[in-house]
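K.L.:
Take the sequence shown: its letters are residues 1 to 194, numbered as in full-length UniProt numbering. Just so you know, even glycine gets a beta-carbon here, dropped at the ideal spot from N, CA and C. My questions will all concern the structure given below.
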Amino acid sequence: MIDAETARERVVAAADRLFYARGVQAVGMDAVRDGSGVSLKRIYALFPSKEDLVVAVLRHRTERWNAGIAGAVEGAGTPRERLLAVFDFLADWFREDDFRGCAFINVFGELGSGSARVAEAVREQKASFGRQVADLVRAAGGPDHLAPQLVLLAEGAQTTAAIAHDPGAATHARAAADTLIRCALGEAEGTAAA
């Protein structure tokens with residue numbers, strides 16, 4: 001018998017794969033059982049409702065997203081390159097065979113209006129990403145208004161890449177981000193010199 005933490009991890013990982021591939025509403029708990037190898041009784045002991053499982057999957061995805069962004073940024077040199085590394089991270093992700101867009105946007109589209117907890121988990125992830133980018137902007141000496149602009153480019157690239165099946169959306173978003181960064185940092189430098 002596997003311990004509760006291992007069972008929880010297996011269930012969340014299986015549900016994550018299935019929800020991302022098929023959508024939350026199309027996946028029954030029997031499929032999660034089959035994908036995880038954990039009995040339904042145990043699954044419901046860990047997650048009393050499907051909504052509980054969806055929220056756990058979203059929190060797991062938030063951790064993975066934050067770690068992915070942090071890893072991409074860590075390998076970059078200058079503060080400007082660190083900002084652009086966000087878009088390089090997206091480019092790599094968009095080229096993955098199973099890319100279906102942003103899981104948070106997908107789940108929000110499916111369940112956000114009917115589940116306050118799901119909507120809140122999605123909003124928490126989007127706010128967390130905004131804080132990551134704002135921290136990078138501050139480290140680069142950029143103005144506060146740059147962070148939400150870069151976040152919008154990243155979010156738009158995710159949606160465009162998914163709908164158009166075009167991983168090149170990351171390249172276009174990166175080029176636009178580079179222009180915004182150059183203008184904003186020039187503006188910040190000009191303000192500092194004044």
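1. Where does the unbroken alpha helix (DSSP H) through Asp97 begin, and where does it stop?
2. Would Phe104 and Ala157 be called neighbours here (beta carbons separated by less than 9 angstroms)?
3. Considering only C-alpha positions, which residue in the set Ala169, Gly37, Val118 and Thr179 is nearest to Val24?
4. Taking C-beta to C-beta, are Asp135 and Arg61 nearer than 9 angstroms?
5. With distances taken between CB atoms, is the gap from Val11 to Phe47 smaller than 9 angstroms?
6. At 3 residues or longer, and completely inside the region 43-87: list those beta strand (DSSP E) runs for me, N to C.
7. Unbroken alpha helix (DSSP H) runs of length 4 or more, entirely within the region 94-182: which are they?
8. Between Arg33 and the rest of its own chain, which residues show a CB-CB distance below 8 angstroms, the 5 nearest in sequence each way excluded?
P.N.:
On the basis of the data shown:
1. Taken as a continuous stretch (DSSP letters only), Asp97 belongs to no alpha helix (DSSP H), as it is neither H nor E.
2. Contact flag unset, no.
3. Among Ala169, Gly37, Val118 and Thr179, the Cα nearest to that of Val24 is on Val118.
4. Between Asp135 and Arg61, the C-beta spacing is not below 9 angstroms.
5. Cβ atoms of Val11 and Phe47: closer than 9 angstroms.
6. Here no run is fully enclosed.
7. Counting only runs of 4+ residues, the alpha helix (DSSP H) found wholly inside the region 94-182 occupies 103-111, 116-139 and 146-164, in chain order.
8. Contacts found: Ser39, Leu40 and Ile43.
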